[in-house]
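A quick write-up on the structure given underneath.
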Amino acid sequence: MPSSSDGGVGSLDLLPSALLATIMTKLDVSSICSVASTCRTFRACASHILTFIPTFHLLEIAPSVDLLRPLLPPNSHLRSLKADCGRLDDSAIEILLRPSLQELCLFNCSDFSGKLLSEIGFICKDLRSLCLGSVAEKRGRAIDTSDLEELLSGCTRLEALVLMVDLSLFPRHNFPRVWALATEKLTSLAIGYISSVMVTELLSPNMGFHQSPNQIQPSILPSIQKLCLSVDYITDAMVSTISKALVSLTHLDLRDAPLIEPSVTYDLTNSGLQQINHHGKLKHLSLVRSQEFLFTYFKRVNDLGLLLMADKCANMESIYLGGFCRVTDTGFKTILHSCSKLYKLRVSHGTQLTDLVFLDISATSLSLLHVSLRWCNLITNCAVANLASNKDLKVLDLRHCRNLGDEALRAIRTLPQLKILLLDGSDISDAGLAYLRPRVIQSLVSLSVRGCKKLTDKGISALFDGSSIKELRDLDLSNLPYLSDNGVLALAKSRIPILELRMRQCPLIGDTSIMALASMQVDEERWHGNSLRLLDLFNCGGITQLSFRWLKKPYFPRLRWLGVTGCLNRDMVDALARSRPFLHVACHGEEREELWSEQWDNSDGLYMHDYDEVDELEQWLLEGGDGESDDEEMEDAEVNAELMQ
1 MPSSSDGGVG SLDLLPSALL ATIMTKLDVS SICSVASTCR TFRACASHIL TFIPTFHLLE
61 IAPSVDLLRP LLPPNSHLRS LKADCGRLDD SAIEILLRPS LQELCLFNCS DFSGKLLSEI
121 GFICKDLRSL CLGSVAEKRG RAIDTSDLEE LLSGCTRLEA LVLMVDLSLF PRHNFPRVWA
181 LATEKLTSLA IGYISSVMVT ELLSPNMGFH QSPNQIQPSI LPSIQKLCLS VDYITDAMVS
241 TISKALVSLT HLDLRDAPLI EPSVTYDLTN SGLQQINHHG KLKHLSLVRS QEFLFTYFKR
301 VNDLGLLLMA DKCANMESIY LGGFCRVTDT GFKTILHSCS KLYKLRVSHG TQLTDLVFLD
361 ISATSLSLLH VSLRWCNLIT NCAVANLASN KDLKVLDLRH CRNLGDEALR AIRTLPQLKI
421 LLLDGSDISD AGLAYLRPRV IQSLVSLSVR GCKKLTDKGI SALFDGSSIK ELRDLDLSNL
481 PYLSDNGVLA LAKSRIPILE LRMRQCPLIG DTSIMALASM QVDEERWHGN SLRLLDLFNC
541 GGITQLSFRW LKKPYFPRLR WLGVTGCLNR DMVDALARSR PFLHVACHGE EREELWSEQW
601 DNSDGLYMHD YDEVDELEQW LLEGGDGESD DEEMEDAEVN AELMQ
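In structure tokens form, the structure reads like this:
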């Protein structure tokens, strides 16, 4: 065996370095690092490639500055960089920023200061697309107005900007002046949080600028086509101002989360809806009132508001309405019959939406691809049966529609192209789940039956037993009181290449499930639960310290997010986190938050790699470190736990 290995390395040395480099440049950064860990020849080639590759995307882990430095050597050819900055601060700015960059996406930048913005404006003059997440959110960090000025004035070629920061903290008196510095080439803008008053003043021709009558106000954001804002209140004044000021607007996404019940001055009414699409170019509209802080709705909008809006929205392709509690079937039906090009319909907290909206949908010219009806409690199986006439449906989100049962699944089984099916909190049983076999389960990429409390091991086992399921990547079995280790054993035997598995709040799930998942085989040559990137076991009743032995290396080598109960054994949880530095261990009940890239743009393809048995990326990054001490620490924690019993 050694001679064979040596011969293999020797033969690689004979290959022209240019040939190896050409092949390796077809790989992404994670794969290049994985290949580099196999031998010295590949390692040398990888180090060379990193000096001229045009794209560097590393979102699977959050590297430290010491690990990032060798991965980002001087490279004048680098055009696109995406990274998770959860372990970085201002000291990494000189490593990350390059004059050659045209696309830059930095997530979890909470430990950076506003210097990041000003340095981007100073260094990255050629940027076309910029996404910054959670900048300066840690205590002691701040963003000055001058930092934003440097960014906007320096990046004169910027076309898309996603700025996930709280802009309401900036002084209002000179806010329009700052944004007047933004390039006219900017066509897409998303802001993490801003007050509605600041938006109105920013875009109003007679507000915001303190100037003499003879001065000409500069045009602000004249080319914006896509605007996504999270605000304190969605108001008539703001909606009207946006609709009139942005003449090229095609995509409007507004979301608010009121802390107190809004007054009529700070709310959306029928009059505000009538102002939408003033210039007739809007194709995508999202108006959502979040229930994050308060159970509140758009109480001043009724069917008349939607009737007035529908008159101007004949070319609308995507609509999301959240929190319109006074809109009835009449209003929603008007939208369906007025917007003949509609392919995506999303409604949440539609408290008066009933089956009647979809009764004659087959008689319309609509070809819906995406339907979401979250928290629409009057919807029944009949509505789903009518929706199923759209045979091209790819996404069906019916979370928290409590009156849906097995007959809904009977209708869903006729949808051959369905990719995402979310049924949280519905009244389905094992018999209904069986309708997904054999056709629909073969096409599904994501399935959630969280909180479907009638489901048992029998239904889960039957769904996956004997099926050759290749597409399923995301499965949520949380809050199922009758799901036990037997159901998970059946899942493990099915060899489905699942990437994200959630089983939180399942009282009968125990150590046997962890052992089964740790040793599951996806194919004959792989083992150690190799495909799982996320495993959520929070508050599973049967989990003991024994499970932590199966959460150590080499098991679950691709795991990046683990949810467990922190009080189970704090020492062992902490030891596990230290022994696996690239694993995020969540032990307070929190759930994984999506990156902004996943919310705004799903085309990144992060989870489409062909993962190997061993985590070579982690191995390459940590090569030369002392890995044994971490394992010994885990063993010491296990011994201490046993002594405490």
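Counting in UniProt numbering, the sequence shown runs from 1 upward without gaps. Backbone N, C-alpha and C fix where the C-beta goes; we use that ideal spot for every residue, glycine too. All of these numbers come straight from a predicted model, not from anything done at the bench.
How is the beta strand (DSSP E) around valine 564 delimited, first residue to last?
-> Taken as a continuous stretch (DSSP letters only), valine 564 belongs to no beta strand (DSSP E), as it is neither H nor E.
Using the Cα positions of proline 176 and asparagine 390, report the straight-line distance between them to the nearest angstrom.
-> 46 Å
Nearest residue (CA-CA) to serine 290, options Gly305, Ile234, Lys344, Thr265 = Ile234
Cα-Cα, which of Cys452, Gln442, Leu421 is closest to alanine 431?
-> Cys452
For glutamine 417, count neighbouring Cβ atoms within 10 angstroms of its own Cβ and tell me buried if that reaches 16, exposed if not.
-> exposed
Would you call the stretch 95–106 and the stretch 568–575 in contact, with 3 or more CB pairs under 8 Å?
-> no
Comparing alpha-carbon positions, which option in Gly563, Val449, Val440 lies nearest serine 426?
-> Val449
CB-CB under 8 Å to aspartate 610, same chain, minus the five flanking residues each way: which ones, in chain order?
-> Note that aspartate 610 has pLDDT 38, beneath the 50 cutoff, so the model's placement of it is unreliable and the number below is only indicative. Within the same chain, aspartate 610 has no close Cβ partners at all.
Take glutamate 292 and list the residues in its own chain whose beta-carbon comes closer than 7 Å to its own, dropping the five residues that flank it on each side.
-> Ala257
Cβ neighbours of threonine 156 in the same chain (closer than 6 Å, five flanking residues each side left out) | Thr183
List the residues that DSSP assigns as beta-bridge partners of leucine 535.
-> Leu501, Leu562
How would you call glutamate 471, buried or exposed, if buried means at least 16 neighbouring beta carbons within 10 angstroms?
-> exposed
Between the beta-carbon of serine 338 and the beta-carbon of serine 365, is there less than 8 Å?
-> no
Please work out which residues of its chain come closer than 7 Å, Cβ to Cβ, to lysine 458, disregarding the five sequence neighbours upstream and downstream, and give them in chain order.
-> Asp430
Along the alpha helix (DSSP H) that carries isoleucine 180, what are the first and last residues, could you check?
-> Isoleucine is not the amino acid found at residue 180; the sequence shown has alanine there. Premise fails: alanine 180 is in no alpha helix (DSSP H) and is neither H nor E.
Alpha carbon to alpha carbon, how far is tryptophan 550 from alanine 518?
-> 6 Å
Roughly how many angstroms separate the alpha carbons of serine 113 and leucine 132, rounded to a whole number?
-> 12 Å
Look at the alpha carbon of serine 188 and the alpha carbon of cysteine 105, and state the distance between them as a whole number of angstroms.
-> 15 Å
Simplified DSSP assignment, three categories, for leucine 15 = coil
Proximal residues to aspartate 303 (C-beta, below 7 Å), its chain only, five neighbours per side dropped = Val327, Thr328, Thr330, Gly331
Length of the line joining the Cα atoms of threonine 351 and serine 100 | 51 Å
With respect to the alpha helix (DSSP H) encompassing phenylalanine 122, which residues constitute its N-terminal and C-terminal limits?
-> 115–123
Would you mind giving the Cβ-Cβ distance between leucine 499 and aspartate 465, rounded to the nearest angstrom? I have them listed as a contact below 8 Å.
-> Rounded, the Cβ-Cβ distance is 21 Å, inconsistent with contact.
Taking 8 Å as the CB-CB cut-off, is arginine 172 touching chain D?
-> Among the protein chains of the structure shown there is no chain D, as only one such chain exists.
Under 7 Å Cβ to Cβ from isoleucine 335, same chain only, skipping five residues before and after it: list those, please.
-> Leu306, Ala310, Ile319
Count the other CB atoms, across all protein chains shown, that sit within 10 Å of the CB of arginine 172; report buried if there are 16 or more and exposed otherwise.
-> exposed
Going by beta carbon distance, what residues of the same chain come within less than 6 Å of leucine 58, once the five residues before and after it are set aside?
-> Val29, Ala83
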